[in-house]
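S.K.: Next up is a structure, given as structure tokens.
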Amino acid sequence: EEFRMSKPNNVDTQSTFCVLCGRTDDCPEKYGEKKTYVGYNLTVHYYCLLMSSGIWQRGEEDEGVYGFLITDIRKEVNRAAKLTCNICKKKGASIGCVAPKCKRSYHFPCGIKRECIFQFMEDFRSYCWEHKPVQTLMDEESRGASQCTICLDLVDHLPAYTVLKGPCCKNAWFHRECLQYQALSAGIFFFRCTVCNNKDKFQKEMLRMGIYIPERDASWELEENAYQDLLQCYQHCDVRRCLCKKGRDYNEPDSKWEIKRCQCCGSRGTHLACSCMKSWEENWECMECRNILAKSGKYSKQKKRSWATSENTNGTTCLLEEPSPKSSRQSSGSQRNFLLQSPKIMCQNNLSPCSHLERPASNRVTMSLSPLMSNRNWSLRQKHLKKRRREVCNILKELKVQVNTKTTRLNINTENIWNSALKGFRQRNFSPTNIIEINFTNCKNRSKTDTSAASRHQFFQLLMLHLQNSSLFEGSSAKNLSLDFQAVKENLYFEAGKMIAVSLVHGGPSPGFFSKTLFNCLVYGPENVKPTLEDVADVDVAQTLKTIKYANSLSSLQSTIHDCYEFLAAAGCLRPITALCDKNMLVNDILFHHVIKRIISPLESFRQGLKTLGVLEKIQMHPDAFSSILCHKPERLSAETICDLFTIHSSVCENKGVDFWMGYLQDVESGESVVTLEDILLFVTGASSIPSIGFDPEPTIKFLRIRYPIGNRLLNCLELPITKTYEQFKNKMELTIRNTLRAER
């Protein structure tokens, strides 16, 4: 009579012996699940039961033990009691080798220890250590080592019990133990090659070589309520400045406080009002998705709304989303004939802009352009940068709306610019939204606090120069972040990012020394950036990379790797080299570690600092525009640039003075003057270059009946004398500008 159990009582115990192998071990990964049935005084390992040679599964899955009837199990125990294990020499060897004429018998744990093969498929065959199937290595296949793609440790390319080769990939080698753990976790539906994702061919070979693949779903699919969070709609406002008084989680349908989720990922949200959206139908993408779309080239910028028409709630503007840039000031006339045809002139009788072409023919300028000006050929790159810088100017002006009327005083010692700036930025009452007053403590002629933009610009100019040459950055002209542990400890990378952000919004110069790699890390994230050999500042590392990159034989490549083994091990870049082409992957690994992975902590701190005043968010929204000021130095001043910068307030009777001014710019540009265009700009504004945000107020020119030129830096106004001849005009300009700047220096 057969004994059947539909729901046996099993208990978890370590002290009971398996009736087939006689062991108390409870290791599901090696021997299968261990079950004890108290009612039948029976304990058994699942794998011992499966592989026993004299028993078959004659019941249903819920009968007996996994479909093996209790009576059949007892008969198998009695049969095995007569057989001696050829390994441990004890009775109870229930498993026999299926090879013809082989009479070896053994327990399952003993077979595992002796490296027998158990095939968990079809007839559940078992092979002893002498007749077991082995994997062969083709003659053309390389001998060496590679990474096990499961545990990432090295595995030798040798056919052995503990090492298995993937049948579908040329260089896919695994540890047997790793594969078994992977199979138990993934199950029959998800267990596949981790290199090429092949399933059928891979599983067939692994079963042949003794890997047990359970016929169940993956472990992560069986976890109860594992995906419960996916059933909930995301309802949270993630913009930098939420305007809703009831909080970021408040959601009121069919109102401006309804939460709109990102149309790409759905895992970020915003109130309609917080992103200046008029209705639910408008599309919205979160910052992460915008970066991905921008990098793939699929993100097209929508037409922006102007600030005048964008929604303003409680007087607070939406600073995270893209407000519309103010339209940049356009000049009339062609670029080549710019100085003649389109100087910006405000006629004093009606204060309306007019050009020389609008004047009577008798009053038009008749001076011809010099060959230097008329033959100036601007490259496409310069035009592109100029256009992008105008775009940045408008964006920074929008950010400057945050600056209020409160003031913060910074006492700055120009001989110790970094420490004094750091002290000022860390003082308790410092706020990036306050107007910054600069007090140069070591300048006798500047003992009083100077609130002018000129002093701020000079301060930020000195600060940017110090940062460029500091230990926080490395490289020649295009710089990346360096690894300075003391700076990380003192949080200096954060302060550097904060200072750059404040400089851009408060009218200071842009850095202009970022490498393309550093810029891309800020915009797209370090994981999406591929550094180049030019990014490596360390001479020894660069030489090692070049030696590897330009190795022309496998032996020379392996010799180089042997010489720099310690460096590669410390960088985590050790990989087996079996072919010359493997050098490219090795070079990429070293580059990523040295340029990016090594400075992840400084980079994240630097990014947090750049978030000040919303600068980083705008950089990520407009990468092309900000690249023109962060990765490129300001363009060299030209007569055309200066002419475009100043608005001339003039009456018709002062046409001759305008002609003198324009002619003087041409002489300065062509080197026929003792002053430079930078000197002229410095004389008027206190800055030798044009800030990324532009000047406030915009520079102007007035013609007055005065003896010498006057540069009013508070108003950015150049007051010019009315003279009878051009020589008089030129002499007065050079005498005044040269002596004034010499005295200041």
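UniProt numbering numbers the first residue of the sequence shown as 1 and each following residue consecutively.
Note that the Cβ used here is the ideal one computed from N, Cα and C, for glycine as well.
(1) Only counting the same chain, and skipping five residues up and downstream in sequence, which positions put a Cβ closer than 6 Å to that of asparagine 283?
(2) Quick one: Cα of proline 432 to Cα of glutamine 558, how far?
(3) I'd like to know whether the C-beta atoms of glutamine 135 and glycine 210 end up nearer to each other than 8 Å.
(4) In this structure, how does DSSP classify leucine 637 when only helix, strand and coil are distinguished?
(5) Quick one: Cα of serine 692 to Cα of leucine 704, how far?
(6) Check whether the stretch 575-590 touches the stretch 485-505, taking contact to mean three or more Cβ pairs, one atom from each stretch, closer than 8 Å.
(7) If we ignore side chains and look at the alpha-carbon of each, how far apart do residue 752 and glutamate 33 end up?
(8) With DSSP run on the structure shown, which of helix, strand or coil describes proline 167?
(9) Let me know the secondary structure DSSP gives proline 371 once reduced to three states.
(10) So, does the stretch 603-610 touch the stretch 530-538, judging by three or more C-beta pairs under 8 Å?
(11) Only counting runs of 3 or more residues, tell me where the beta strand (DSSP E) segments fall wholly within the stretch 604-632, in order along the chain.
(12) Note down the Cα distance separating phenylalanine 17 from tyrosine 66, rounded to an integer number of angstroms.
(13) Can you tell me which of the three DSSP states tryptophan 129 falls into?
(14) So what does DSSP say about proline 360, is it helix, strand or coil?
(15) With a threshold of 16 other CB atoms inside 10 Å of the CB of histidine 594, please say whether the residue is buried or exposed.
(16) So is tyrosine 550 buried or exposed if we call it buried at 16+ other beta carbons inside 10 Å?
(17) Tell me whether serine 555 sits in a helix, a strand or coil according to DSSP, three-state version.
(18) Starting from residue 749, follow its DSSP beta bridges and name the residues at the other end.
(19) Between the stretch 414-422 and the stretch 384-397, are three or more C-beta pairs nearer than 8 Å?
(20) Go through its chain and collect everything with a Cβ distance to leucine 83's Cβ below 6 Å, but skip five positions before and after it.
(21) Can you tell me whether phenylalanine 191 is helix, strand or coil according to DSSP?
(22) What's the gap between the Cα of glutamate 258 and the Cα of valine 401?
(23) Under 8 Å, do aspartate 679 and leucine 741 count as touching if we go by C-beta distance?
(24) Compare the Cα-Cα distances from glutamine 427 to each of Arg738, Thr408, Asn442, Met121 and report the closest residue.
(25) According to the neighbour-count rule (16 or more other Cβ atoms, all chains shown, within 10 Å of its Cβ), is tryptophan 220 buried or exposed?
(26) Classify proline 697 as buried or exposed, calling it buried when 16 or more other Cβ atoms lie within 10 Å of its own Cβ.
(27) Between which two residues does the alpha helix (DSSP H) containing arginine 738 stretch?
(28) Do you know offhand how far threonine 405's Cα is from isoleucine 435's?
(29) Just the C-alpha distance for alanine 145 and leucine 50, rounded to the nearest angstrom, thanks.
(30) Rounded to a whole number of angstroms, what is the C-alpha to C-alpha distance between glycine 694 and proline 509?
(31) With a threshold of 6 Å on Cβ separation, who are the neighbours of leucine 737 within its own chain once the five nearest residues in sequence on each side are excluded?
(32) In the DSSP assignment, the beta strand (DSSP E) including aspartate 156 goes from what residue to what residue?
(33) Per DSSP, glutamine 261 forms a beta bridge with which residues?
(34) Go ahead and pull the three-state DSSP assignment for serine 692.
(35) Given that a residue counts as buried once 16 or more other Cβ atoms are within 10 Å of its Cβ, and exposed if not, what is leucine 613?
(36) Going by DSSP, name the residue or residues bridged to phenylalanine 440.
M.R.: Let's see:
(1) Gln263, listed in sequence order.
(2) Rounded to the nearest whole angstrom, the C-alpha separation of proline 432 and glutamine 558 is 54 Å.
(3) Their beta carbons are not under 8 Å apart, which means glutamine 135 does not touch glycine 210 by this criterion.
(4) Coil at leucine 637, not helix or strand.
(5) C-alpha separation (whole angstroms): 31 Å.
(6) Between the stretch 575-590 and the stretch 485-505 there are fewer than three inter-stretch CB-CB distances shorter than 8 Å, so the stretches are not counted as touching.
(7) Since the displayed the chain opens at 1 and closes at 745, residue 752 lies outside it and no answer follows.
(8) Reduced to three states, the DSSP call for proline 167 is coil.
(9) In this prediction, proline 371 scores a pLDDT of 39, lower than 50, which makes its location untrustworthy; no coordinate-derived value is stated.
(10) The stretch 603-610 vs the stretch 530-538: no contact.
(11) Within the stretch 604-632, no complete beta strand (DSSP E) run reaches 3 residues.
(12) Going from the Cα of phenylalanine 17 to the Cα of tyrosine 66 covers about 18 Å.
(13) DSSP places tryptophan 129 in coil when its eight states are reduced to three.
(14) Low confidence applies to proline 360: its pLDDT is 36, below 50, so where it sits in the model is not reliable enough to give any reading.
(15) Answer is buried; the Cβ neighbour count reaches 16.
(16) The residue in question, tyrosine 550, is exposed, as its Cβ has fewer than 16 Cβ neighbours within 10 Å.
(17) Helix at serine 555.
(18) Only positions 1 to 745 of the chain appear in the structure, and residue 749 is not among them; the question remains open.
(19) The stretch 414-422 is not in contact with the stretch 384-397.
(20) Shown here for leucine 83: same chain residues with a beta carbon closer than 6 Å to its own, the five before and five after excluded, namely Ala93, Ser105 in chain order.
(21) In this structure, phenylalanine 191 counts as coil in the three-state DSSP scheme.
(22) Rounded to whole angstroms, glutamate 258 to valine 401 spans 27 Å at the Cα level.
(23) Contact: yes.
(24) Just measuring C-alpha positions, the residue of Arg738, Thr408, Asn442, Met121 sitting nearest glutamine 427 is Thr408.
(25) With fewer than 16 Cβ atoms within 10 Å of its Cβ, tryptophan 220 is classed as exposed.
(26) With fewer than 16 neighbouring CB atoms inside 10 Å of its own CB, proline 697 falls in the exposed class.
(27) Unbroken alpha helix (DSSP H) run through arginine 738: 726-744.
(28) One C-alpha to the other measures close to 6 Å.
(29) Looking at the two C-alpha atoms, the distance is approximately 35 Å.
(30) If I take the Cα positions, the gap works out to 10 Å.
(31) Note that residue 737 is isoleucine in the sequence shown here, rather than leucine. Around isoleucine 737: Val675, Asp679, Phe683.
(32) Where aspartate 156 is concerned, the enclosing beta strand (DSSP E) stretches over 154-156.
(33) With the sequence shown as reference, residue 261 is identified as arginine, and glutamine is not the correct amino acid for it. The beta-bridge partner set that DSSP reports for arginine 261 consists of Gly269.
(34) In the three-state reduction of the DSSP assignment, serine 692 falls in the coil class, being assigned neither a helical nor a strand state.
(35) In the assembly as shown, leucine 613 is a buried residue. Its beta-carbon has 16 or more other beta-carbons within 10 Å.
(36) Answer by DSSP bridge pairing, in chain order: Ile412.
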